[in-house]
Every structure is written in structure tokens, then in C-alpha cells.
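Remarks on the structure that follows.
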Amino acid sequence: MVKRTARLIAAAVAAAAGIALAGCGGGDDAGTQASGPVDVTFWGWAAGYDKSVALWNESHPDIHVKYEALPSGGQTGYDKMLTAAKAGTAPCLAQVGYETFSTFLAASVLQDVSQYVKAQRAEFPDWVWNNVGVGGAAYGVPVDTAPMAMFYRADLFKNANIAIPKTWEEFATAAAAVKAANPQARIMNLPTDPYLYSGFAWQHGASWFGVKGDSWTVSIDSAANAEVGQYWQGLFTQGLVTSYPAFDAALYSAWNKGEVWSEVGPVWSASLIRDNAGDSAGKWAVAPMPRWGTTDAVGNSGGSSTAVMKGCKYPKQATEFALWMSTNDQSVSNLIASAAILPASKSGLANAALDKPESYYGGQPIYQLFRDESAKVNANWQWGPVMSATAASLGDGLGKVPTKGGTYQDALSGTQKATLSALQAQGFSVSK
Amino acid sequence: MTTTLQTPAPTEPVVTATRRRRPRTSPLTTVNPATRLLVLLVMSLFAVYFLVPVWWLVVSATKGQGELFSGNGFWFGGHFALVDNVQTLFRAQGGIYSRWLLNSLMYAVGGGIVSTLLASMCGYALAKFSFPGREAVFGTVLAAVLLPAPVLAIPLYLVFSYTGTVNTFWAVFIPSIVSPFGVYLSRIYAASSVPDQLIEAGRLDGAGEFRIFTIGVRLMAPAMVTIFLFQFVAIWTNFLLPSLMLADTSLQPVTVGLVSWRELQGYPISYTTVVTGALVSVIPVVAMFLSLQSFWSKGLATGAVK
Amino acid sequence: MSHVTIRRRGRARELRRAAPFVLPFLVLFVVVYLIPAGYSVVQSFFAVKRSGLGLGGAETVFAGLDNYTRVFHDGEFLGSLGRVAFIGLIQVPVMLGIALILALLIDSSVSAGRKFFRVAYFLPYGLPGVIAALVWSFLYAPTLSPVTRLFASMGIHVSFVTDGALPFSIANILTWAWTGYNTILIYSALQAIPEETMEAAALDGCSGWKAALLIKVPLIRPALLLTLVFSIIGTAQLYNEPVTMKAVAPNLPSTYTPIMAALRSLSSNDFNYAAAQSVVLGAVICVLSVLVFRASARSVES
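Protein chains in written order, with our numbering: chain A, 18 to 449; chain B, 211 to 516; chain C, 2 to 303.
What follows is the structure, encoded as C-alpha cells:
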């Protein structure tokens, strides 16, 4: 028995060593000399990034990008990046959503690469650059934006003879009409995901954060925010919307069965709906996001950047790749096809792939609409450095609305308080 | 290091190596058939309670894609799609699932074996050698069980990153081979089942301490199998530590992999695939448990009675 | 040679003998447990200071007990402690009670199919915690859950994810997952009771349920005690189940349990505060465990 155990142990250790050797060496930049090929590590999760990286590596043997797909994006992925940065094992490049960018900045884990992007500054609109740095400095390269629009079941609206709403007032009227036409159906699902909801606030110019001199300001409980919150609270109280959790299988099922007729969401909702509501293919269409009165502005909910982490030994080469990924025709076509992104760069927006008719949306070339709308994104929006605390608090608060444990206003006030205390606890200057 | 701390609660054993199992029926009692029926009914009801979710898992893995949330949740769907689902599972994302299963096995089997060895050595020494500081060591090891493991994971990450072991096999393996509970159990078992005379005799014969230990191991075998089994389950279950330590998907165990697939919320990996993956991932654990059942109940018995 | 010298030589020899057995485990133990624990404790006395917008970097300064003061004013963290206490109170006695009854039943003379029931009861433990939580999250999901639909077809509207139902839904997952394990544990303890004891009791007229309660249970008391302590520890460190439930219950706050609260601080880059939260949690667990041991020891003596 002992001999057998010993042999088992030896085998296990040998196998372990084998696996260790195979898996060793992840997460650091292996480049040693500047003269030889340079290695740049890149952590991301969006679909298609790996292909763009492969395309780059084919044509750029001198700068080798090693892509590592994180299993999940969002908070888990960011936690990993921040922990790695703290430990000094951070990658050179990281996919960081705009909403989290300020957090990374404040954590001092990013590198200023303004000098390397200067030549291509004009490629991206100013409001987009504002998402990857402050005061005109750039700490990364934007990749995509996510303007919002209204996805709707064209067939259902037509059969019920309900006009597609152009303003939020008309939307409320249409909501009542939908319920009247079919008591089992509702016009839309209540937005309770904090980041999806942020797009609505963004549209109305109700920024949550601001910069005043050398301090942060927090305005989550501003009058404009209250207006947006009250609007959705009203629709919910009148029973005119469903209240599934965001990204829930029950919601997808409702889209499929025609129980929820529309979704006002960002450009990436296009693939979300397409991939999860296959039964209703060909029946959907896209219209501009309903407006607030006569103000011609839309909201943005999403978008990522390729951030350059501190400690990256080759910021120049890393930035070169990042710019390429966001502007090169082949790369952008790939990203559009894989992840249905809307490119942030001007040359990206001119990409012919955006003119393609989408069969799922009845042959409509939906990305043309998003391209036009992207120019109308409200420029008055600022993300803050404690977004994970803000989002967690807002998520908790909004999560209570469907079960009637709280209102939108409660959620906004609670988040205001939580954000202020998070800022103060971490030593940021806050002013009124 | 494991996150699960609901490990068994053995204490000093009262019995020595020879022990007769109590026979089922004593000749002095009679069995009332009504009582027997009642007892069986109660036990069956609980069995149903425990098995229903497992049954749901089995049934769901046989349903076709897209049928998961329609129809009867507890019975089979239109057609039997288990084979298709398993094929989809093993093909998903370039066959990463089999890699995850292999990783889990390596971590759990390898970690289980090594931790058992280290813990039994330590427990044996604590039981048989009265060296200065013995109780202090034992006390500290036990106290470690009270530490909230999930939050220790972050400092551990920092420690590992200073030595460059992060995002490697070792980042998960090394914490897995430390089993304070294993030390506790093996100390108890060694104290009761390895007689001092054996050690004395061995020393008189001129045998080295380690040689004597290998003989003692045979007597400690049931406890060692117990430690192995519980450590195996604990490592297999472990989610937080590997998800933090490993950025590379090809190093991840199956728990982390399945949760990341679930977070994709149905696309491109469907819920049916996730459910099938969950079912398949249970099989090694159950197989391990069933095959080691006889050893394991003996080991627990010894440890569980003061 | 004096007695002291002989003893000292003896002790030194024992130390030399023990060292190669103990050191491998100890070294790893220090690396994996003590160093991180020490690091966390030390970090809990520091805080991060920034200036202005904070984009110019931050420095870590000594902060004394500031983090701990903050913990005791943190309504959400204190609430999370209360919540796991509540879940523990409703879950642990139920689970251990069921485990005890099932163990006694399997052990009794009137049961049959013992092997089958042992496997059936243990099976949930074989499912990794995250998988079990995953399965139950599908079973609890409003509108999609087969259980909900079953009740709905009978006209009864149930929800497992309302604020009031959540603690019980989570408690149910825990009970489901751990009862079998505790059952087998207690059952094995019962196996060690010598048959002579039970026969003597039967001769005295004490058999069946009376014998079970009055004789068997007291004899396995230490096993019951330690299942209790470990259950308390496990409940206090609750994490997997609520996190998985959040996907189907958005009304579940992100600070539902103390571990979730500490990890949320971590996500906000607030490492020092997270360390303080975890030290407080560890202290609470420590105190509770000691109290339980003391109380049991005292009642044994009496």
C-alpha cells in the first residue's frame, strides 16, 4: 500500500509539474531587449478581440501581442486587473470600460500615453477622449461607443396600429396603448441594471459626477436625475412595464413570445436580442431613442477602451497596437462582425460593414442609424472614481423597485449618500 | 487553503483498532411493521427532497437547446438530447471543458494526496513525539480554521505575486495541500491506533523514524482516506481562490469555468450546456465517494466519538 | 548526569525526531495562512490618502483604529452580520435536527435500504457549492422555475425571491447541501457505540425511540458539538449561495453577507477597510466558537 501510494504521489507530482510548466509564465511582459521582438500582454473579454490580435500579429512580427481572454468581464475582470496591478503582475494593455476608467485612473494603475496618441487625436471625437483621461491627457485608446436607440417589434406595433413614439411623452402613451391592445403584453422591461439605467440619465444631461476645480462633485440626486427616475417609476406604478431582471432568461423568453414589444438600449443590445430571441427573427426594427421634449440628444451606455497599464515596458508599441485595433479597417470589420460594436474612431465609423442590412432586423441597416445617433450623444457626462461602489449601491436600490421595496428616488438618494461616503473614505476631495 | 469549513467534527476516539460493529437487530427487540413503514416513509420523503434537484439536473441535461425553461421541469422533453448536449459541451469554446475537468482532477487528486501525506506526517508527529511547543503548534493550526478564508485570498495573491507564482498551477495547488483539519484528524487517529509499543519496537530494531511511520500509516489508513476524500471535495468545490489566482482559462478548474459560462447569460454558451457541464462535473466526485465509501465511514467513526 | 539534563536531552531528541514530519506542513501553513492573515491585520490599521481628484496617486498612511471605527458605524456591514446570524438561527438547528433524526433512523433496527439512503443523503454534498447554488437559482427563478410553475398551475402564487423569502430560500440551499454530510457524520458516531450498551438498556426496558434519545444522543454529544461549531463557522462565512442567487433576485443587496461586504470593499479598491471588516468577522467567529465550546464543556461537567 505504501509503495503504491508513493508511486501515486510521484505520478501526481510529475503531472503537476508538467501542467505547471505548460501554464507557467502568464500575465507578464516577456520582452527583454528593445532590439528583438517586443511582447505585449493584453487582457480582454469581448468577442472578436482575439481575432484582431491575430490579424495584428500576422502583419507586425516586431510587436507581438499576447491576448488573454478573461473568463468574465465586468467587476470580476476588473478586480483581477486591479489586484494584478497591485502585485506588479499587470498586463501591458487591458480592456477597460469607460465607466470604470476613472476608477483605474484613481487607483494609479494607468500610464499617460498622450504623447503617443497625439498624431491620431483627430480620429476620435472630444467627448470620447474625455472617457479615457482627464484634462486632455490620454491613458488609453477608445475602441467603441454605445449610443442608444429603440429596438421594437415592427409587426406588433403595426398590427395594433400604434405609432412609434418619438418622445418620452409619446412613449408613455404608447405604453398604455400596448397594454390596451394586449393585456398580456407590455411595451418594455423596466431598466433596473445600473449601467443600462445610466444611459437614460446620460441622455437627459443628468451627469452623476462632475469636476469642480480640484474636487469631485456628486449629483446623483439632482433634479434632472429625479425627473428620469420619476418617469420610470411612473410607468412601473401604472403597470405599464414588465420588471424582469436585466439579462434574464425570462426576459428573453418574453421578447420571443411577443410579451415585451420593445427595448430601449445601447447598440450592443442588437446582438443581445438577436442571439436570445431567435424565434422572432425578421420582425424587429430599430428607431431613434425617444427624446426629452425637443432636446435632440441621446444617451450612451457602454463602450470600452484599451487602457495602458502602469509598469508596461513598451507603452509606445502598446499604444501603437491599440490605435491600430480601433482604426484599422480589417480589425474594425472583425470587431463589428463578432461583437456588433459601434467603432469610436471616425475611420471606423466609415467602415462599410456598418451599412450591411441586418436580416434579424427585417433587412434594416441598423448601424447606419447608430452611426448618425452617435454624433448626438450628450457631451455632458462624467464618470467617477468609485463607480463600483456607486453601481453596487444603485443596483441594490433599483433591485428593490420591482418588489416594491423602494422607489427610483430612494435608489438615487441612497446611491448619492453611498457615493459621497465612498469618495470621502478613500480620501478624495468632494465639494458641493 | 480551502473555502469550505464545514468539515467533520471528529474528536478523540474511545475505541482501539479492534471494533465490532453493532448488529442491526438486537434479539431483545421486536419490530412493529407499522413503525417500520412510518420510518421508511419519513426516510423516503427526505430522500426525495435531496434527490429532486439532482433529478432536475439530470432531466435538464437531456433536453434540447432552448427547451430548458419550457414544458415540465421535472420530466423529459420532446426528444432525448443528452448525447447531443454532451457533444456540444465538449466542443464548446474549443474544447475547454475537458481541460477544466482535467485541471480539477489534477488539483483535487494531486492536492488531496499531497495534503493527506503532509497532514498525516504532522499529525503523527504531534501525537507520538512530545516535543517542546507541541500544543502551541496544534492550537495555532486549529485556530487557522476560524479565519475567514475568502478574504485571505487577496493577501495570498499578493504573497504569490512577489514570488511570481500567480497565474500558474502552483497558485491553486499550494494552498490546496495545507489541511489543518487533516492534521487534527490524523493526530487523533495516530494517538489511538498507532501503539507506542510499535514505535519502541521499531526503534529497538534500529529502524529510522520514517520507516516506522510507514508502518504506522497502514494503521492510520482509514483516517487518511477520510482526509483525502474531504480535501478532494473541498478543492474540487473551491471557487474563489482559483478564480482570483488564475487569469488563464486553460488553468482553471471546472467550478470557475462553469460559473463564468453562467455569467454569459445564455450566449454564446447556452444554459443547457452549463447544466450539462454541471452534471458531468459531479460524476467524478460521486464516483470517488462511492468507491471509497467503506474506508470513509470507518475513518469518520473513529474520529467522531469522544 | 542530572535529571534535568536527561530530560532536556530527551526533549531535544524528540524535537529532532518530530522536525522532518512537522516542518513541511508548518512551512506551508505559515505561507498560506499566517502570512496572509498577518498581512490583513496589519493593513487594517492603515488607510489610503489622496489629494484633490486623486489622480496624482495615493499614499498609504497609518490610520490607527479609523477603519474599525468605520466598521462599527457601517450600517450595511452590521446588517450583514445580523442577517447571517438570522440565517444561522433558522438553518443550523433545523439542519442538525434533521441530520440527527435521519442518522438515528438509518441506525435503527426498523429501517431498510440503508446503503441507498446513505448515498441519497450524501449526494448533495458531492455537488460543489457553486453548482448546487446554480441549480437552486434555476429552481427559484421567478416564472422559469418548475416549482413556481407547478404551484401556479394549482392556482397558488409563490415567490422564492421576495425580501422576506430570501433568507429562507438561502437557508434551504444550505440545509439541502449539508444535512446529508452531517447525517453520515452523526451516523458514524453512532456506529461506535458498543452493542453491550444498547443491550443493557434493552434489558432495562429502554429500547426504540426512548433508547435513541436518552442513551445514544448523549453518547455522541461531542460529535454534535463540533458539527454545531463548524456549521456556525460556515454560516458566518456565507458567500457562494447569496452571490449565485443574485442573478435571479436583483433585490438581494450586494452586501448581503459579511464576506460579500468585505469583497465589495475590495472591488472599490478599499483594501484596508476590507481587511478591517474581515478581522472583525474573524473575531466574531472566534468568540462564538469559544463560547459554544465553553458552554458545552460546562454542561458536561454538571
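Glycine included, C-beta positions come from ideal geometry on N, C-alpha and C.
These numbers come from a predicted model, not from an experiment.
Chain A contact residues for Y367(B), given Cβ-Cβ distances below 7 Å: For the purposes of this step, residue 367(B) is identified with residue 157 of the second sequence, where counting begins at 1. Simply T100, A104.
Nearest-angstrom Cα separation, counted from Y240(C) out to P432(B): As a first step, residue 432(B) is located in the second sequence; it is residue number 222 there, counting from the start. As a first step, residue 240(C) is located in the third sequence; it is residue number 239 there, counting from the start. Distance between the alpha carbons of P432(B) and Y240(C): 32 Å.
For W62(A), three-class secondary structure by DSSP: Within the first sequence, numbered from 1, the residue matching residue 62(A) stands at position 45. Coil.
L248(B) versus L106(C): straight-line alpha-carbon distance, rounded: Residue mapping note: residue 248(B) aligns to position 38 of the second sequence, counting from 1. Residue mapping note: residue 106(C) aligns to position 105 of the third sequence, counting from 1. Answer to the nearest angstrom: the Cα atoms are 11 Å apart.
N-terminal and C-terminal residue of the alpha helix (DSSP H) that R265(C) is part of: Within the third sequence, the letter at position 264 stands for residue 265(C). Residues 259–268.
Within chain A, partners of T163(C) - CB distance below 8 Å: As a first step, residue 163(C) is located in the third sequence; it is residue number 162 there, counting from the start. Those within 8 Å of T163(C) in chain A are T420.
Three-state secondary structure (DSSP) of L35(C): Position 34 of the third sequence, counting from 1, holds the residue named residue 35(C). Helix, per DSSP.
Expected contact under 8 Å - CB spacing of G328(A) and A107(A) to nearest Å: As a first step, residue 328(A) must be located in the first sequence, where it is residue number 311. As a first step, residue 107(A) must be located in the first sequence, where it is residue number 90. Between A107(A) and G328(A) the Cβ distance is about 6 Å, and since that is below 8 Å, they are a contact.
Beta-carbon separation (whole angstroms), N270(C) vs A48(C), contact threshold 8 Å: Position 269 of the third sequence, counted from the first residue, corresponds to residue 270(C). Position 47 of the third sequence, counted from the first residue, corresponds to residue 48(C). Actually they are not in contact, since the Cβ atoms of N270(C) and A48(C) sit about 12 Å apart, beyond 8 Å.
Interface residues of chain C facing E419(B) [CB-CB closer than 7 Å]: Indexing the second sequence from 1 puts residue 419(B) at position 209. Neighbours of E419(B) on chain C, chain order: R18.
Residues of its chain near T424(A), where Cβ-Cβ distance is below 8 Å and the 5 sequence neighbours each way are ignored: As a working mapping, residue 424(A) is identified with position 407 in the first sequence. These residues qualify, in order along the chain: G246, Q250, V418.
Status (buried if at least 16 other CB within 10 Å, exposed otherwise) for Q201(A): For the purposes of this step, residue 201(A) is taken as the residue at position 184 of the first sequence. Exposed: under 16 other Cβ atoms inside 10 Å.
Minimum Cβ-Cβ distance from F383(B) to chain C less than 8 Å: Stepping through the second sequence from its first residue, residue 383(B) is reached at position 173. Chain C contact via Cβ: absent.
In DSSP terms, what E60(C) is bridged to: To locate residue 60(C), count along the third sequence from 1; it is residue 59. Its beta-bridge partners are K50(C).
Beta-carbon proximity of A267(A) to T245(C), cut-off 8 Å: Start at 1 with the first residue of the first sequence, and residue 267(A) comes out as number 250. Start at 1 with the first residue of the third sequence, and residue 245(C) comes out as number 244. No, these two residues do not count as a Cβ contact at 8 Å.
Expected contact under 8 Å - CB spacing of L35(C) and F341(B) to nearest Å: Translated into positions along the third sequence, residue 35(C) becomes position 34. Translated into positions along the second sequence, residue 341(B) becomes position 131. In fact, because the Cβ distance is near 20 Å, the residues do not count as touching under 8 Å.
Y372(B) versus M326(A) - alpha carbon distance: Looking up residue 372(B) in the second sequence gives position 162. Looking up residue 326(A) in the first sequence gives position 309. So the two alpha carbons sit approximately 18 Å from each other.
Buried versus exposed, by CB contacts within 10 Å (16 or more), E75(A): The count along the first sequence starts at 1 and reaches residue 75(A) at position 58. So E75(A) counts as exposed.
Residues bridged to K247(C) [DSSP beta-bridge criterion]: Here residue 247(C) corresponds to residue number 246 of the third sequence, with the count starting at 1. Its beta-bridge partners do not exist; DSSP assigns none.
Chain B contact for V266(A) (CB, 8 Å cutoff): Taking the first sequence and counting its residues from 1, the one referred to as residue 266(A) is at position 249. Here residue 266(A) is Ala; the residue named in the question, Val, does not match the sequence. Cβ-Cβ to chain B under 8 Å: yes for A266(A).
Residue from T311(A), Q132(A), Q399(A) whose Cα sits closest to the Cα of V151(A): As a first step, residue 151(A) is located in the first sequence; it is residue number 134 there, counting from the start. The shortest C-alpha separation from V151(A) is found at Q399(A).
Closest by C-alpha distance to W62(A), when choosing among T254(A), S321(A), A396(A): Locating residue 62(A) in the first sequence gives position 45, where the first residue counts as 1. When only C-alpha atoms are compared, the closest one is S321(A).
Touch test, the region 147–164 of chain A against the region 345–361 of chain A, Cβ-Cβ under 8 Å, three pairs minimum: yes
Local conformation of A488(B) per DSSP, three classes: To locate residue 488(B), count along the second sequence from 1; it is residue 278. Reduced to three states, the DSSP call for A488(B) is helix.
Partners in chain B for V33(C), counting only beta-carbon separations shorter than 8 Å: Here residue 33(C) corresponds to residue number 32 of the third sequence, with the count starting at 1. M211, L366, I384, P385, V388, listed in chain order.
Reference S308(B), options I398(B), V496(B), T486(B), A497(B), closest by Cα: Along the second sequence, read from residue 1 onward, the residue named residue 308(B) stands at position 98. Per the Cα distances, T486(B).
Sequence-distant residues of the same chain with beta carbon closer than 6 Å to W177(C), five excluded per side: Working through the third sequence from its first residue, we reach residue 177(C) at position 176. P125, listed in sequence order.
L122(A) at chain C interface by Cβ criterion, 8 Å: Taking the first residue of the first sequence as 1, we reach residue 122(A) at position 105. Closer than 8 Å to some Cβ of chain C, the Cβ of L122(A) qualifies, so yes.
Closer than 7 Å at the beta carbon, the chain B residues around L87(A): Here the question's residue 87(A) lines up with position 70 in the first sequence. The contacting residues are A457.
Residue range of the unbroken alpha helix (DSSP H) whose run includes G416(A): Within the first sequence, the letter at position 399 stands for residue 416(A). Segment 404–416, the alpha helix (DSSP H) holding G416(A).
Proximal chain C residues relative to A329(B), where beta-carbon distance stays under 7 Å: Within the second sequence, the letter at position 119 stands for residue 329(B). Neighbours of A329(B) on chain C, chain order: F26.
Which listed residue (T420(A), A302(A), V145(A), V57(A)) has its alpha carbon closest to that of F118(A): Sequence index remark: in the first sequence, residue 118(A) carries index 101 (1-based). The candidate whose alpha carbon is nearest that of F118(A) is V145(A).
Local conformation of M205(A) per DSSP, three classes: Your numbering for residue 205(A) matches position 188 in the first sequence. Correct three-state label for M205(A): coil.
Contacts of Y334(B) in chain C (Cβ-Cβ under 7 Å): Residue 334(B) sits at position 124 when you count from the first residue of the second sequence. Within chain C, the residues near Y334(B) are F22.
Cβ-based burial, K211(C) [other Cβ within 10 Å; buried from 16]: Locating residue 211(C) in the third sequence gives position 210, where the first residue counts as 1. With fewer than 16 other Cβ atoms within 10 Å, it is exposed.
Run of the beta strand (DSSP E) containing I91(C), from where it starts to where it stops: The residue labelled residue 91(C) in the question sits at position 90 within the third sequence. Unbroken run through I91(C) is the alpha helix (DSSP H), 76–108; no beta strand (DSSP E).
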